[in-house]
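Heads up: the structure comes next, in structure tokens.
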Amino acid sequence: MPVKKTSKKKTAKKKVVRKKAAVKKRMACVVCGMEVTVDKICGCVEAHPILCCGQPMARK
């Protein structure tokens with residue numbers, strides 16, 4: 022009985038993984054209108070308010 026040769030090529034499929042866009046925190050001063058974008062959050066337990074014109078900035 023003849024032996025069948027199977028030639029299955031194993032090709033690695035490239036899986037495209039797309040990272041989700043990081044949501045950056047945007048804040049604005051209610052007094053002067055200056056805007057700030059927070060790129061990286063520190064991860065501390067307590068909050069660190071960003072101050073401008075003597076008042077905490079509001080989230081936009």
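Residue numbers for the sequence shown follow our numbering, beginning at 22 and rising by one.
The C-beta atom is built at its ideal place from N, Cα and C for all residues, glycine as well.
As the structure is a prediction and not an experimental result, all values here were calculated from the model.
- Excluding the 5 residues flanking it on each side, glutamine 76 has same chain C-beta neighbours closer than 8 Å at Cys50, Val51, Val52, in chain order.
- Boundaries of the beta strand (DSSP E) harbouring lysine 46: 46-49, taken from the DSSP string.
- DSSP places glutamate 56 within a strand segment (E or B) once states are collapsed to three.
- Non-local C-beta neighbours of cysteine 74 in its own chain, meaning closer than 7 Å and more than five positions away in sequence, comprise Cys50, Val52, Cys53, ordered along the chain.
- Counting only residues of its own chain and dropping the five nearest sequence neighbours on each side, arginine 80 has a CB closer than 6 Å to the CB of Met48.
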